[in-house]
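Going by our numbering, the residue at position 602 of the sequence shown is 606; the numbering climbs one at a time, nothing skipped. Ideal Cβ positions, reconstructed from N, Cα and C, are used throughout, including at glycine. Computed from a prediction, not measured in an experiment: that's the story for all the values here. Below is one structure, written out as structure tokens; the observations come after it.
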Amino acid sequence: MTDNIVVQDREELIFLLCEAAEFEHAVMCMYLYTMWSLKRSEAEGVTRDELAAIERWRASLRQVAREEMLHLALVNNTLSALGAAPHLWKPEFPVRPGHFPADVVMKLTRFSAEAIDHFLYIERPEGLDLTDGKGFDHKDQYHRAARPDLLSPTPQDYVSQGHLYHGIMNGLTFLANRCGEAKIFVGHASAQVSGAEFGLPGLFKVTDLVSAKRAIEEIVTQGEGAPAHNPNSHYARFEAIKNELAALRKANRSFEPARPAATNPTLADVQDRPDLTRIENSLAAKTVDLGNAVYALMMRTLAQVFSPAPLPNELRIGLAVGSTELMYALQMVGEAATRLPARADGTTGGITFSLPRSTGQLVQSCAGQILSERTRELGVAATALEGPAKLAGVGARLTALAQRFDDLHDRYEKHISLSVDRTARVLAPAKQPKVEATDDPNVAHTKDVTIRFNTKRCIHSRHCVLEAPTVFRANTPGQWLHPETTSVDHIVRVAHNCPSGAITFERHDGGPQEKTPDVNVIRIRENGPYAVSAEVAMTGDTFTRATLCRCGQSKNKPFCDNSHIKAGFAATGEPPSTESDPLEFRGGQLSVDPLPDGPLQIIGNVEICAGTGRTVIRAQNARLCRCGGSSTKPFCDGTHARIGFKS
Numbered sequence: 005m006t007d008n009i010v011v012q013d014r015e016e017l018i019f020l021l022c023e024a025a026e027f028e029h030a031v032m033c034m035y036l037y038t039m040w041s042l043k044r045s046e047a048e049g050v051t052r053d054e055l056a057a058i059e060r061w062r063a064s065l066r067q068v069a070r071e072e073m074l075h076l077a078l079v080n081n082t083l084s085a086l087g088a089a090p091h092l093w094k095p096e097f098p099v100r101p102g103h104f105p106a107d108v109v110m111k112l113t114r115f116s117a118e119a120i121d122h123f124l125y126i127e128r129p130e131g132l133d134l135t136d137g138k139g140f141d142h143k144d145q146y147h148r149a150a151r152p153d154l155l156s157p158t159p160q161d162y163v164s165q166g167h168l169y170h171g172i173m174n175g176l177t178f179l180a181n182r183c184g185e186a187k188i189f190v191g192h193a194s195a196q197v198s199g200a201e202f203g204l205p206g207l208f209k210v211t212d213l214v215s216a217k218r219a220i221e222e223i224v225t226q227g228e229g230a231p232a233h234n235p236n237s238h239y240a241r242f243e244a245i246k247n248e249l250a251a252l253r254k255a256n257r258s259f260e261p262a263r264p265a266a267t268n269p270t271l272a273d274v275q276d277r278p279d280l281t282r283i284e285n286s287l288a289a290k291t292v293d294l295g296n297a298v299y300a301l302m303m304r305t306l307a308q309v310f311s312p313a314p315l316p317n318e319l320r321i322g323l324a325v326g327s328t329e330l331m332y333a334l335q336m337v338g339e340a341a342t343r344l345p346a347r348a349d350g351t352t353g354g355i356t357f358s359l360p361r362s363t364g365q366l367v368q369s370c371a372g373q374i375l376s377e378r379t380r381e382l383g384v385a386a387t388a389l390e391g392p393a394k395l396a397g398v399g400a401r402l403t404a405l406a407q408r409f410d411d412l413h414d415r416y417e418k419h420i421s422l423s424v425d426r427t428a429r430v431l432a433p434a435k436q437p438k439v440e441a442t443d444d445p446n447v448a449h450t451k452d453v454t455i456r457f458n459t460k461r462c463i464h465s466r467h468c469v470l471e472a473p474t475v476f477r478a479n480t481p482g483q484w485l486h487p488e489t490t491s492v493d494h495i496v497r498v499a500h501n502c503p504s505g506a507i508t509f510e511r512h513d514g515g516p517q518e519k520t521p522d523v524n525v526i527r528i529r530e531n532g533p534y535a536v537s538a539e540v541a542m543t544g545d546t547f548t549r550a551t552l553c554r555c556g557q558s559k560n561k562p563f564c565d566n567s568h569i570k571a572g573f574a575a576t577g578e579p580p581s582t583e584s585d586p587l588e589f590r591g592g593q594l595s596v597d598p599l600p601d602g603p604l605q606i607i608g609n610v611e612i613c614a615g616t617g618r619t620v621i622r623a624q625n626a627r628l629c630r631c632g633g634s635s636t637k638p639f640c641d642g643t644h645a646r647i648g649f650k651s
């Protein structure tokens, strides 16, 4: 019988939360390693049906790893609420005995039935008696006894993650009752990260006992140690994979879904360590080294994202976007490593998730500069490996990210000593009216108004020809715009109803020019594009209305050109809502960055809504699919890389 977890003071509580963070971090890396080992094509010796199953498993593993990232983030928000710094370190693989309880074995291994059994064992509900996967031996048996007689916190045993988290919750309740919530939850909410800022649905700030309990229940119910069966839990996901794998193996005994990735790979010399696999091939070693460096840089960037000091909101979001970009680069390098021969026996490589001794925070006034310096260095290394290791685009992606970090440094960190409010409000440059040629048939003037029509933006929603047929005379040769036939206010109403932003106006009668929206909104059209209404900044241009392609077929990317109709694109305009906190400020500039051969990176305050107006999510950082293939529409799930989407 395992003893109850003892919490006597804040130090013990922080100690336990740090162990929880290391656990979440380690299992996330295990799942990513296993996912990257999965095969990608029929050319690797699998049938079409087997490959379809592999893709389902990949998606499930990706979702579980994403939720482990959510759990890690919630733990760090709880640490911040207690006044502590973020904890993003983890032990090396395989994790040595004693670091976690004796029943916890953590190592890196390719996808296999044994690996799935191990994942089921880790994620088992409380009270379920389960045997661990073959090869995950529990050779060392020990008991980490609580030591309430010591002032220094010590490791304690737990039979499941649910047991650990409930012990943490009991400790929070005990200290809050003894000292008062105000003295326990001393961290400022502005030093935490929300789902809107990080682009991670389900992430929220911890400010009191109620929100701390909500965070712990979210982690336990979704992940390890759920007290009852949950069809969406990690345990249920792995159980489904196990059953489908068994059925496919029964039909084809030679079915092998994974590449022969190394178990517990290492770049170091191996002496008396049979549990490690040394990577001997030089190309594989260089690729693994690059992957480890990208991973370490990603964790360094996350340390800045979770800075316990209040930061300008845009700076925190910009750093979060940087960490996401590094995650995408890590995925490409991590998977490439499993394709490269590492040893003469046919074993392939795999990154080791090694961290330097310090993954803590950098001095904030120069963090962007230092992150840029390292990112640019890794970009050069990735470019050199692009051909031999098949890392197409990774070097360019890292180089572009280095410039983003430089921009964050120039925009915020040079003035970090100024107040947060002053640095967070950067005025956009004043818009200068454009001078148009008078003989342009898509421009027309009266003394009171000028209207302009951008033919490349039009998606033929026909608001103009239906609401003002005397002004917009379609299919008329030569001058077809006639603003003189109606009032200025009528033209303004029609322009505002144009979802693509093809119609713009400039008033000369003293009336108001087009106003930027009070609330930034992206509407998801049924089987169609994104309709954006916001103060948008995109690729050097600014506008307030646009329809952006999400089917991947437009010849006018990133704008829609109605190609979704001919392509028969089918995607709901009514995706399910995700719980998200109200935005403190709902307007302001919205940055829309069409990433090369990738999704739309959205930065700024925005409500993403269904076609009926229902809120899907409120966000300040999101990646929207524009390849048409994501299984999590409207959000990107990385499918663009697999299908070779080109923008």
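Contact check for A535 against T551 passes: the beta carbons are separated by less than 8 Å. Sequence-distant partners of G505 (beyond 5 residues in either direction) whose C-beta falls short of 6 Å from its own C-beta, in its chain, are R461, F547, R549 and A550. Your pair H500 and D452 does not check out as a contact, with CB atoms roughly 17 Å apart and the cut at 8 Å. Between the stretch 104-114 and the stretch 47-66 there are fewer than three C-beta pairs closer than 8 Å, too few to call the two in contact. 8 Å or more divides the Cβ of A341 from the Cβ of G350. With respect to R627, F639 sits close: the two C-beta atoms are nearer than 8 Å. One thing to note: F140 has its Cβ within 8 Å of the Cβ of H122. DSSP places G608 inside the beta strand (DSSP E), whose first and last residues are L604 to C613.
About 15 Å separates the Cβ atoms of L359 and L294, ruling out a contact at the 8 Å cut-off.
The shortest C-alpha to C-alpha distance from K143 to any of V398, V309, L76 and M110 is the one to M110. Counted as a single uninterrupted DSSP element, the beta strand (DSSP E) harbouring A535 occupies residues Y534 to M542. Restricting attention to A219, A63, V10 and A89, the CA atom closest to the CA of G175 is found in V10. For the pair K246 and A117, the Cα-to-Cα distance works out to about 7 Å.
Counting along the chain, the unbroken alpha helix (DSSP H) around F27 starts and ends at R14 to W40.
Ranking I507, P481, G87 and A385 by CA distance to the CA of H467 puts I507 first.
According to the DSSP assignment, L330 belongs to the alpha helix (DSSP H) that extends over N317 to A341. Beta-bridge annotation (DSSP): E510 is paired with T454. Where S84 is concerned, the enclosing alpha helix (DSSP H) starts and stops at R52 to A85. In this structure N625 touches I321 by the C-beta definition: roughly 5 Å separates them, less than 8 Å. D410: member of the alpha helix (DSSP H) spanning V398 to R415, first to last residue. Boundaries of the alpha helix (DSSP H) harbouring S215: L213 to Q226, taken from the DSSP string. Proximity to A406 across K394, L395 and A371 peaks at A371, based on C-alpha coordinates. With 16 or more other CB atoms across the displayed protein chains lying within 10 angstroms of its CB, P157 is buried. Of the candidates E471, F476 and L470, F476 places its Cα closest to the Cα of F457. Within the DSSP bridge table, the entry for L485 names F476 as partners.
Our two residues, D161 and L20, have alpha carbons roughly 11 Å apart in a direct line. Annotated as distal: R263 and V68, with beta-carbon spacing of 8 Å or more. Per DSSP, D493 lies in no beta strand (DSSP E); the unbroken alpha helix (DSSP H) holding it starts and ends at V492 to N501. Across the set T387, S45 and N609, the C-alpha of N609 shows the shortest separation from the C-alpha of A538. Taken through DSSP and simplified to helix, strand or coil, L176 comes out as helix.
N236 sits in coil when the DSSP states are folded into three classes, being neither helix nor strand. Secondary structure at N531: coil, using DSSP grouped into helix, strand and coil. With fewer than 16 other beta carbons inside 10 angstroms of its own, R361 counts as exposed.
In its chain, beyond the 5 residues on either side, L280 and R282 have a beta carbon closer than 6 Å to the beta carbon of V274. Taking the Cβ atoms as the reference, T113 lies roughly 5 Å from T267, within the contact range of under 8 Å. Contact between the stretch 518-526 and the stretch 597-614 is present, with at least three C-beta pairs closer than 8 Å.
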